[in-house]
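A.B. asks:
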Amino acid sequence: MIACIANARRRLFYRPAEEMSPISPKPDPQVTAQAVARLPAARSRSSAALPDGPTDGQIAPALLAWYDRHARVLPWRVGPADRAAGVKPDPYLVWLSEIMLQQTTVQAVKTYFEAFSRRWPTVEALAAAETEDVMKAWAGLGYYSRARNLKKCADTVANELGGRFPQTEDGLRALPGIGPYTAAAIAAIAFDVPAAVVDGNIERVFTRLHEIGTPLPSAKGEIRAHVARATPGERPGDFAQALMDLGSSICTPKRPACALCPLDGPCAARAEGRQEEFPVKPAKKAKPVRRGAAFVAERDDGAVLLVKRQDKGLLGGMTGLPTSNWTVRGDGATGPGAAPFAAAWRAKGVVSHVFTHFELRLEVFHAVVTGDSDHPGWWSARDSIAGEALPTVMKKALAAALPDLF
Ligand code: SF4
2 MIACIANARR RLFYRPAEEM SPISPKPDPQ VTAQAVARLP AARSRSSAAL PDGPTDGQIA
62 PALLAWYDRH ARVLPWRVGP ADRAAGVKPD PYLVWLSEIM LQQTTVQAVK TYFEAFSRRW
122 PTVEALAAAE TEDVMKAWAG LGYYSRARNL KKCADTVANE LGGRFPQTED GLRALPGIGP
182 YTAAAIAAIA FDVPAAVVDG NIERVFTRLH EIGTPLPSAK GEIRAHVARA TPGERPGDFA
242 QALMDLGSSI CTPKRPACAL CPLDGPCAAR AEGRQEEFPV KPAKKAKPVR RGAAFVAERD
302 DGAVLLVKRQ DKGLLGGMTG LPTSNWTVRG DGATGPGAAP FAAAWRAKGV VSHVFTHFEL
362 RLEVFHAVVT GDSDHPGWWS ARDSIAGEAL PTVMKKALAA ALPDLF
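Using my numbering, the first residue of the sequence shown is number 2, and each one after it goes up by one.
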């Protein structure tokens, strides 16, 4: 029987809704009420010192009861009813699906998993395959280092370990292509080792349950400690898969379906309506600053000199003011020396504008000039400027020089 894991482990890889097994409108209220009664401490905010009470340890009953009724049906999974009937997962297939699911969606993996498991039904068969054939069969799944490691790992297990996968996280991590997450997932699902399995979905669930305010990735240790506490001695594999299902189908990044969640009672974020505030993202890095100068030449009739920017580069082909180059080092000419022509240029302050990859600070200069100039461009009458195709940063510069313009 095929077994493994639903690994919608990153925010990017949620399982589409159509893959879900039917979900009843509401979890068993009795189960939820019992869970709430057992989880009073979950409403308190998490602190650096993890709660010593029953909070995490009491999550499993409610979650497993929900999983028993709503587990997703996946081609590599031994469902809870079969597990209860004594069907054991095949470690080879658990491992195969886990490697495939790294960086790939559940939907994309299904076809490949079925093709691989049909063509190479055992680790010995995969080890005996030509590497080229494995690579060809992998084509289209991406991240080809995974396929190379898949083959290496199969060779090691088949030829050096007698065809048996190690049953511990440490033993699994020693194999090619298996990192901490994959080792924990295989150990839990294939061997029912109470390993703390923490993927992106599970991080989200636990940061919400405990309102963990530490930004990721700094919060990872705290989250892992909570998951380790919550992982039960019995059915740890089902527990890990239940968390994955919950995170991918119910506790979604946007608009989580808390009304359907078996942990809605004890969830601290739910209680305060702050679900979408967690997990806390790290502060964005400051953007590099580029500096330059913009020149507002005002003719004595009030018209302003505008130019068409070069087609290439930022704001390419758009209407603008004459400007200097914009440099990160601030070593370009940004004063009157960069002006399009000689005039009585007067500083009018600095405007700032944030682009995707940098912040631009433009020093604005203004001069009233008599007559036209040879500078390329056109003189736009005052009452026409508002209708020009000016990007926001240029409007800011114009407004700095001519506050009553817009
Ligand atoms: S109650 Fe809502 S926010 Fe809390 S764990 Fe459940 S789905 Fe997530």
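All C-beta atoms, glycine included, are put in the ideal place defined by N, C-alpha and C.
Who pairs with Glu99 in a beta bridge, going by DSSP?
C.D. replies: On the sequence shown, position 98 is the one that residue 99 refers to. Answer is none; Glu99 lacks a bridge partner.
A.B. asks: Report the CB separation of Val110 from Ser98 in whole angstroms; it is logged as a contact under 8 Å.
C.D. replies: Residue numbering aside, residue 110 sits at position 109 when the sequence shown is read from its first letter. Residue numbering aside, residue 98 sits at position 97 when the sequence shown is read from its first letter. Their Cβ separation, rounded to whole angstroms, is 7 Å, which keeps Val110 and Ser98 in contact under 8 Å.
A.B. asks: Does the distance from the CB of Arg209 to the CB of Cys154 come in under 8 Å?
C.D. replies: Counting from 1 along the sequence shown, the entry for residue 209 is found at position 208. Counting from 1 along the sequence shown, the entry for residue 154 is found at position 153. Contact flag unset, no.
A.B. asks: Counting only the same chain and skipping the five closest in sequence on each side, list residues whose C-beta sits under 6 Å from that of Arg271.
C.D. replies: Numbered from its first residue, the sequence shown carries residue 271 at position 270. Taken in chain order, the residues that qualify are Cys259 and Asp265.
A.B. asks: Taking the C-alpha atoms as reference points, what is the distance between Asp200 and Lys285?
C.D. replies: Start at 1 with the first residue of the sequence shown, and residue 200 comes out as number 199. Start at 1 with the first residue of the sequence shown, and residue 285 comes out as number 284. Between Asp200 and Lys285, the C-alpha separation is close to 22 Å.
A.B. asks: Going by DSSP, name the residue or residues bridged to Gly274.
C.D. replies: One-based indexing of the sequence shown puts residue 274 at position 273. Paired residue(s): none; Gly274 is not in a bridge.
A.B. asks: Looking only at its chain, what residues have a beta carbon closer than 7 Å to the beta carbon of Ser325, apart from the 5 residues adjacent to it on each side?
C.D. replies: As a first step, residue 325 must be located in the sequence shown, where it is residue number 324. Counting only Cβ-Cβ distances below 7 Å, and skipping sequence neighbours, we find Gly293, Ala294, Gly333, Ala334, Thr335 and Ala339.
A.B. asks: In the DSSP assignment, what residue or residues form a beta bridge with Gly293?
C.D. replies: Counted from its first residue, the sequence shown places residue 293 at position 292. Its beta-bridge partners are Leu363.
A.B. asks: Is it buried or exposed, Val297, if we count other Cβ atoms within 10 angstroms and call 16 or more buried?
C.D. replies: Here residue 297 corresponds to residue number 296 of the sequence shown, with the count starting at 1. Buried, by the Cβ-count rule.
A.B. asks: How many whole angstroms separate the CB atoms of Val290 and Phe359, which I take to be in contact at a CB cut-off of 8 Å?
C.D. replies: Locating residue 290 in the sequence shown gives position 289, where the first residue counts as 1. Locating residue 359 in the sequence shown gives position 358, where the first residue counts as 1. Val290 to Phe359, Cβ: 7 Å. Contact.
A.B. asks: In the DSSP output, which residue or residues are listed as bridge partners for Val355?
C.D. replies: The sequence position of residue 355 within the sequence shown is 354, counting from 1. According to DSSP, which records beta bridges pairwise, Val355 is partnered with Glu360.
A.B. asks: Is Gln104 helix, strand or coil when you go by DSSP?
C.D. replies: Residue numbering aside, residue 104 sits at position 103 when the sequence shown is read from its first letter. Coil at Gln104, not helix or strand.
A.B. asks: So does the region 147-164 actually touch the region 176-194, counting three or more Cβ pairs closer than 8 Å?
C.D. replies: Result yes; three or more Cβ-Cβ pairs closer than 8 Å.
A.B. asks: Can you give the beta carbon distance from Pro254 to Arg174, rounded, assuming they're within the 8 Å contact cut?
C.D. replies: In the sequence shown, residue 254 corresponds to position 253, counting from 1. In the sequence shown, residue 174 corresponds to position 173, counting from 1. With 8 Å as the limit, Pro254 and Arg174 do not qualify as a contact, their Cβ atoms being about 29 Å apart.
A.B. asks: Check each candidate in Cys262, Leu399, Gly87 and His376 and name the one with the smallest Cα separation from Glu364.
C.D. replies: The residue given as residue 364 occupies position 363 in the sequence shown. The candidate whose alpha carbon is nearest that of Glu364 is Leu399.
A.B. asks: So the candidates are Gln104, Ala243 and Gly321; which of them puts its Cα closest to the Cα of Val394?
C.D. replies: Here residue 394 refers to the residue found at position 393 when the sequence shown is read from its first residue. Selected option, being the one with the closest Cα: Gly321.
A.B. asks: Can you give the Cα-Cα distance for Glu389 and Ala382, rounded to whole angstroms?
C.D. replies: Taking the first residue of the sequence shown as 1, we reach residue 389 at position 388. Taking the first residue of the sequence shown as 1, we reach residue 382 at position 381. Their Cα atoms are separated by approximately 10 Å.
A.B. asks: Look up Val158 in the DSSP assignment and say whether it is helix, strand or coil.
C.D. replies: Counting from 1 along the sequence shown, the entry for residue 158 is found at position 157. DSSP places Val158 in helix when its eight states are reduced to three.
A.B. asks: Could you tell me the distance, in whole angstroms, from the CA atom of Ala184 to the CA atom of Asp171?
C.D. replies: Here residue 184 refers to the residue found at position 183 when the sequence shown is read from its first residue. Here residue 171 refers to the residue found at position 170 when the sequence shown is read from its first residue. If you take the alpha carbons of Ala184 and Asp171, they lie about 8 Å apart.
A.B. asks: With which residues is Ala298 paired in a DSSP beta bridge?
C.D. replies: Position 297 of the sequence shown, counted from the start, is the residue given in the question as residue 298. DSSP lists Ala368 as partners of Ala298.
A.B. asks: What's the call for Gly163, buried or exposed, on a 16-neighbour Cβ count within 10 Å?
C.D. replies: As a working note, residue 163 is residue 162 in the sequence shown. Gly163 is exposed by the Cβ-count criterion.
A.B. asks: For Tyr15, count the other beta carbons within 10 Å of its own beta carbon; 16 or more makes it buried, fewer makes it exposed. Which is it?
C.D. replies: Working through the sequence shown from its first residue, we reach residue 15 at position 14. At Tyr15, the pLDDT of 29 sits below 50, so the modelled position is not reliable; the number obtained from the coordinates is stated separately. Buried, since its Cβ has 16 or more Cβ neighbours within 10 Å.
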